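K.L.:
Here full-length UniProt numbering is used: the first residue of the sequence shown is 1, the next is one more, and so on.
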Amino acid sequence: MDKITFEDRVAVVTGAGNGLGRDYALELARRGAKVVVNDLGGSGSGEGASASAAQAVVEEIRAAGGEAVANTNSVATREGGAAVIQTALDTWGKIDILISNAGFLRNNRFEDLTDEQIDPIINVHLKAAFYVGQPAYRAMRAAGYGRILFTGSASAMFGHAWQANYAAGKGAMLGLSNVVALEGSAYGIQSNVMLPTASSRLEAEMTPGFMEIPQFAKSFEKADFSIAEGRVVPEFNTPLALYLVSEACTATHGVYSSNCGRYARVRICAAEGWVSPAGDVPPTLEDIASHFGQIEELGDYSEPMTPYDEFTSAVKAARKQGVLA
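1. Any contact between the region 272–284 and the region 209–228? By contact I mean 3 or more CB pairs, one from each, below 8 Å.
2. Specify, as a first and last residue, the run of the beta strand (DSSP E) that glycine 146 falls within.
3. With DSSP as the reference, label serine 52 as helix, strand or coil.
4. Under 9 Å, do isoleucine 99 and alanine 241 count as touching if we go by C-beta distance?
5. For glutamine 190 versus asparagine 107, is the C-beta spacing smaller than 9 Å?
6. From the beta carbon of valine 12, is the nearest beta carbon of chain C less than 9 Å away?
7. Would you say the region 107–117 touches the region 65–79, given that touching needs at least three Cβ pairs under 8 Å?
8. Using a Cβ-Cβ cut-off of 6 Å (strictly less than) and excluding sequence neighbours within five positions of arginine 22, which residues of its own chain qualify?
9. Whole angstroms are fine: how far does the CA of phenylalanine 311 sit from the CA of alanine 53?
10. Does the beta-carbon of isoleucine 288 have 16 or more other beta-carbons within 10 angstroms, so that it is buried, or is it exposed?
11. Sort Gly146, Asn18 and Phe150 by Cα distance to valine 255 and report the nearest one.
12. What are the partner residues of threonine 258, as DSSP defines its beta bridges?
13. Given this structure, state the Cα-to-Cα distance separating glycine 152 from alanine 325, to the nearest angstrom.
14. Ignore the nearest five residues each way along the sequence and tell me which others in glycine 32's own chain have a CB closer than 6 Å to its CB.
15. Cutting at 7 Å between CB atoms, please list the residues of its own chain near glycine 144, excluding the five before and the five after it.
16. Entirely within the region 104–130 and at least 3 residues each: give me those beta strand (DSSP E) ranges in chain order.
17. Let me confirm a value: methionine 1 is counted as buried when at least 16 other C-beta atoms fall within 10 Å, else exposed. Which label applies?
18. What did DSSP end up calling glutamate 305 once you bin it into helix, strand or coil?
19. Over what stretch of residues does the alpha helix (DSSP H) that includes methionine 194 continue unbroken?
20. From which residue to which residue does the alpha helix (DSSP H) around alanine 82 run?
21. Mind checking which residues open and close the alpha helix (DSSP H) that includes lysine 3?
22. Given a cut-off of 9 Å, decide if isoleucine 95 and alanine 136 are closer than it, judged by their beta-carbon atoms.
23. Could you pull the start and end residues of the beta strand (DSSP E) that valine 13 belongs to?
24. Distance, Cα to Cα, alanine 314 vs asparagine 178?
25. Run through DSSP, which three-state label would asparagine 237 get?
26. By Cβ distance below 7 Å, which residues in the same chain neighbour proline 283 in space, the five residues on each side in sequence not counted?
27. Roughly how many angstroms lie between the CA atoms of glutamate 79 and glycine 133, to the nearest whole one?
28. Buried or exposed: which applies to aspartate 112, given that a residue is buried once 16 or more other Cβ atoms fall within 10 Å of its Cβ?
Below you can see the structure in the form of C-alpha cells.
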C-alpha cells in the first residue's frame with residue numbers, strides 16, 4: 001500500500017496541546033498537513049488558561065520542518081469555535097480536516113453532580129462540537145471535501161461510574177456524527193466517532209470513589225489487562241484517528257474503538273425482536289412482559305443507517321414471524 005500522506009491538506013485539532021491531540025497534530029504535520037493547534041491551556045478539570053501548550057506543539061512541528069499555527073480560543077463558546085476555524089481560513093484559505101478532541105473531566109456521583117460539574121463538561125464536549133464543527137462544515141461544503149472526527153468515549157458507549165456528565169457529553173457525539181455524516185454525504189464530507197483509550201493527565205481528575213459501586217468494582221478487578229503494558233499511550237490511538245480523516249478512508253457514519261492496539265468498529269444495531277399480531281390493536285403490557293426474552297435476544301439484527309431503514313427492518317421481521325404475508 002502506498003504511504004498515506006496529508007500533503008496540501010489543512011487540519012484543525014482541538015485540545016492539541018497535550019496527550020492525544022498533541023500526537024494527532026504532530027503526526028498530521030509529519031505526513032504533510034498544515035495544522036492549527038488549538039488548546040486553551042487549561043488544567044485537566046478545565047481550570048485556567050495558557051498559550052504555552054499550543055505554542056510548544058507548534059514549535060515542535062516547525063522544528064521538524066512542518067507548518068503549524070497556534071490558536072488558544074475556547075471551543076466552549078460559539079465565538080471561540082468560529083475563531084479556531086477562521087485561523088485555518090485566514091492562514092491557508094481552507095480546512096479539510098477537523099478532529100474535535102478538546103475536553104476535560106469533573107467526576108462525581110450522578111446524584112451529587114452540580115451545575116458547575118455538568119454545564120462546563122457539556123459545553124466543552126457537546127456544544128464545542130457544534131461551535132467548531134459548524135464553521136468547519138460550511139467551509140468543507142463550499143470546497144466539496146471534508147473529514148470530521150468527533151472524539152467519543154467508552155465511558156459513554158459502555159458506561160463508567162461517576163462520569164454521568166462526561167458520558168452524556170461524549171455519548172451525544174454518536175447522534176451528532178451520524179447526522180453530519182448523512183447531510184455531509186451530499187457534499188463530500190465524511191464524519192465518524194472514535195473511542196480512544198490512553199493514559200493522560202485527565203487521570204488526575206479520577207478518584208477511586210467509583211469503586212463503591214459493586215458491579216463496577218467487580219468489572220475492574222476481573223479485567224484482564226495483560227495486553228495493556230506499554231500500549232495505553234496516545235501513539236497507539238493516532239494511526240486509527242488519522243486513517244479516519246484521510247483521503248484513503250471512505251468509511252462514514254461509524255463509531256470505532258481503539259484499545260491497546262485493538263481496533264474495532266462499535267455498532268448500534270436493532271435486534272429482530274418480537275412483532276405484535278397484525279392489526280391496529282397495540283399489545284398489552286403483559287404481551288411485552290411475556291415476549292421480553294425475544295425482544296432482548298440479539299439473534300438476527302439490522303444496522304439502520306437512518307430511522308427509515310428501521311421501518312424496512314420491522315417489515316422483514318414481521319414477514320419472518322408470519323405477521324405479514
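All residues carry an ideal CB built from backbone N, CA and C; glycine is no exception.
No experiment lies behind these values; they were computed from the predicted model shown.
P.N.:
This is what the structure gives:
1. Flag = no, the region 272–284 and the region 209–228 do not touch.
2. Where glycine 146 is concerned, the enclosing beta strand (DSSP E) stretches over 146–151.
3. helix
4. yes
5. no
6. No chain C is present in this structure, which holds just one protein chain.
7. no
8. Ala16 and Val57
9. 49 Å
10. exposed
11. Phe150
12. Here the sequence assigns serine to residue 258, which means threonine is not the residue at that position. Tyr263.
13. Spanning the two alpha carbons is a distance of roughly 42 Å.
14. Thr5, Phe6 and Glu7
15. Tyr187 and Gly188
16. none
17. exposed
18. Position check: residue 305 holds methionine in this sequence, whereas glutamate was assumed. Coil, per DSSP.
19. First-last for methionine 194: 189–195, but that is the beta strand (DSSP E), not the alpha helix (DSSP H).
20. 78–92
21. For lysine 3, no alpha helix (DSSP H) run applies, since DSSP gives it neither H nor E.
22. With contacts defined by Cβ atoms closer than 9 Å, alanine 136 and isoleucine 95 form a contacting pair.
23. 10–14
24. Alanine 314 and asparagine 178: Cα-Cα distance of roughly 21 Å.
25. Correct three-state label for asparagine 237: coil.
26. Ser276
27. 12 Å
28. The residue is exposed, with fewer than 16 neighbouring Cβ atoms inside 10 Å.
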